[in-house]
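According to my numbering, the residues represented by the sequence shown are 1 to 401, in order. Where a beta carbon is used, it is the ideal one built from N, C-alpha and C, also for glycine.
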Amino acid sequence: MVTNYFENLLKRDTIFKAENTLDINYIPERLPHREKELSLLSQLFISLLTIPNSLSRKIIITGCMGIGKTATVKIFGNMLHTTAQKRGINIKYIHINCRKERTSYKVLINIIRQIQINFPKRGYSPQDLLEVILNTLQNKNLHILLVLDELNYLINKDDDLIYSLTRMYDDSYNCPQRISIIGIVRDLSCLNNLDSSTISTLQSNIIKFNTYSVEQIYDILKYRIKLSLKEDIINDDLLKMLSEITYDKGDLRYGLNVLWKACKIAESKYLSFLSTECLRLANQELIPYSIHNLLKYLKQEKLLFLLSIVISLKNTKNASISLSEILEQYHIVCENIRKIPKSYSQLWNYLNEFKKDGIISIELKSKNIQGRRSYIKILDISLIKLENLIHKILEKKGVIT
Ligand SMILES: Nc1ncnc2c1ncn2[C@@H]1O[C@H](COP(=O)(O)OP(=O)(O)OP(=O)(O)O)[C@@H](O)[C@H]1O
Ligand SMILES: [Mg+2]
Numbered sequence: 001m002v003t004n005y006f007e008n009l010l011k012r013d014t015i016f017k018a019e020n021t022l023d024i025n026y027i028p029e030r031l032p033h034r035e036k037e038l039s040l041l042s043q044l045f046i047s048l049l050t051i052p053n054s055l056s057r058k059i060i061i062t063g064c065m066g067i068g069k070t071a072t073v074k075i076f077g078n079m080l081h082t083t084a085q086k087r088g089i090n091i092k093y094i095h096i097n098c099r100k101e102r103t104s105y106k107v108l109i110n111i112i113r114q115i116q117i118n119f120p121k122r123g124y125s126p127q128d129l130l131e132v133i134l135n136t137l138q139n140k141n142l143h144i145l146l147v148l149d150e151l152n153y154l155i156n157k158d159d160d161l162i163y164s165l166t167r168m169y170d171d172s173y174n175c176p177q178r179i180s181i182i183g184i185v186r187d188l189s190c191l192n193n194l195d196s197s198t199i200s201t202l203q204s205n206i207i208k209f210n211t212y213s214v215e216q217i218y219d220i221l222k223y224r225i226k227l228s229l230k231e232d233i234i235n236d237d238l239l240k241m242l243s244e245i246t247y248d249k250g251d252l253r254y255g256l257n258v259l260w261k262a263c264k265i266a267e268s269k270y271l272s273f274l275s276t277e278c279l280r281l282a283n284q285e286l287i288p289y290s291i292h293n294l295l296k297y298l299k300q301e302k303l304l305f306l307l308s309i310v311i312s313l314k315n316t317k318n319a320s321i322s323l324s325e326i327l328e329q330y331h332i333v334c335e336n337i338r339k340i341p342k343s344y345s346q347l348w349n350y351l352n353e354f355k356k357d358g359i360i361s362i363e364l365k366s367k368n369i370q371g372r373r374s375y376i377k378i379l380d381i382s383l384i385k386l387e388n389l390i391h392k393i394l395e396k397k398g399v400i401t
């Protein structure tokens, strides 16, 4: 008879109490060490509840990766919605990730879908769509808190929408104001690409989220462990070690992922608690979430070039490799899957983008008097893991089989 692996797993004792609460998209009820930010946001938006539709607030939230910006705003949005509902005030909270909805059109269609059902998708310009939204809000006597998360993805391409949204009520006097905006960006410098009047509107209210200290990370992880694991699964020393690992990466998602992975390793070894070895193995195995996410959304041409960099680096004993060697490998990769290689200048652009995203570093070394050569290095990530991940993504995209 075939072994029923599910039955076997279900019979086994688990160390999880609620495994789903370790998922990086899970929003916990509380956010230790973000109370101050939640309180500040509430103060800024209180007039939406006291004098509904009297003003349109526009706020920018900024701060490094994985420090609870999205989670805080999601909790805040829901808090605003439920408080308004209790008082019979019509406020809807709409959270849009601009990395996923990369154009004004997509953002606006997403908003419309959330406030009006059965809207025909085609045949409208962004300006038309904005008008439809404003009319619907007026007819339904509704105010929306629009969160544009990872707003930088929209700014680089398409700042018309941001311009329109920030100046929506400029021509009207004393009319109800129905859209408030929270924009979230890691780095404020992306705002510089906007026109100066939009910048000045947005810059008037900026909330900076500070990075967590190692002690704060310890508290947060302790809380997340209480939610997700049974009691006494992880001892205090190990929790401190996990906090240090997380602090080093500067991203709480990494800590949560390592914890989850370590628990899985412990279970596979039939342990009823976490050992240092489980944590160490998990830490070695994981690719930082930020890189994972970045690769997922990379164009296949760029992925193929990155794959060539990884393969070339794997094939050399040195820590860095020259661009010409990478190009050789790149041509082989392209030939194997019958793709036309990109031009040198395009590839050079890709390299600079990889550098900006923190995947590689480029070093210029003087070879001889005639010139300098670029040497490329991949930082801090296991090449084998990276290669596997790129392969998986390319397979999913149907580029390789
Ligand atoms: N204070 C906290 N308490 C509990 N969990 C937290 C806290 N801060 C962050 N987290 C968790 O850490 C993870 C990362 O947080 P979040 O997604 O909000 O980061 P972010 O600042 O939006 O990062 P990015 O700039 O990459 O989008 C989430 O799973 C979130 O639930
Ligand atoms: Mg976020």
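Take residue i and list the residues in its own chain whose beta-carbon comes closer than 7 Å to its own, dropping the five residues that flank it on each side.
i    : result
Y247 : V214 and I217
F6   : none
P341 : Y330, H331 and C334
K365 : R372, R373 and Y375
Y153 : C98, R99 and R102
E301 : K342
N141 : N90
P288 : K249, D251 and Y254
D219 : P32 and H33
What does a CB cutoff of less than 6 Å around residue i pick up in its chain, not counting 5 residues either side in sequence?
i    : result
D251 : M65 and G66
D237 : none
I311 : Q329
L386 : V310
P52  : I89
R34  : G68 and T72
Y124 : none
Y223 : P32
I207 : I61
K397 : Q300
Is the beta carbon of residue i sitting closer than 7 Å to the one on residue j?
i    : j    : result
Y163 : T136 : no
C98  : L151 : yes
I390 : L259 : no
I96  : H81  : no
K269 : K17  : no
P126 : S104 : yes
A84  : L31  : no
L279 : A262 : yes
N257 : L286 : yes
I359 : I376 : no
I27  : K100 : no
L383 : K314 : yes
I291 : L281 : no
L221 : S243 : yes
I233 : L274 : yes
S228 : L22  : yes
S42  : L55  : no
L188 : T62  : yes
I59  : N192 : no
Count the other CB atoms, across all protein chains shown, that sit within 10 Å of the CB of residue i; report buried if there are 16 or more and exposed otherwise.
i    : result
F305 : buried
L130 : buried
G68  : buried
E37  : buried
G88  : exposed
A319 : exposed
D149 : buried
Y93  : buried
R12  : exposed
Y297 : exposed
V147 : buried
R186 : buried
So if DSSP puts residue i in a beta bridge, which residue, or which two residues, is it bridged to?
i    : result
T402 : Summary: the structure shown does not reach residue 402, with the chain confined to residues 1 through 401, and so no result is reported for it.
S374 : L364
N97  : D149
S320 : K377
L229 : F16
I440 : The displayed coordinates of the chain run from 1 to 401. Any statement about residue 440 would go beyond what the structure contains.
I91  : H143
Closest Cβ-Cβ distance between residue i and chain B: below 7 Å?
i    : result
K377 : Note that chain B does not occur in the displayed structure, where there is just one protein chain.
Once you ignore the five residues that flank residue i on each side, which residues in its own chain have a CB closer than 8 Å to its CB?
i    : result
Q419 : Residue 419 lies beyond the stretch modelled for the chain, which goes from 1 to 401, so this question has no answer here.
E267 : R12, T14 and I15
I112 : F119, L129, V132, I133 and T136
L379 : G358, I359, I360 and S361
I400 : I337, H391 and L394
Any heavy atom of ligand 2 within less than 7 Å of residue CB: hits in chain order: K69, T70, D149, E150 and I184
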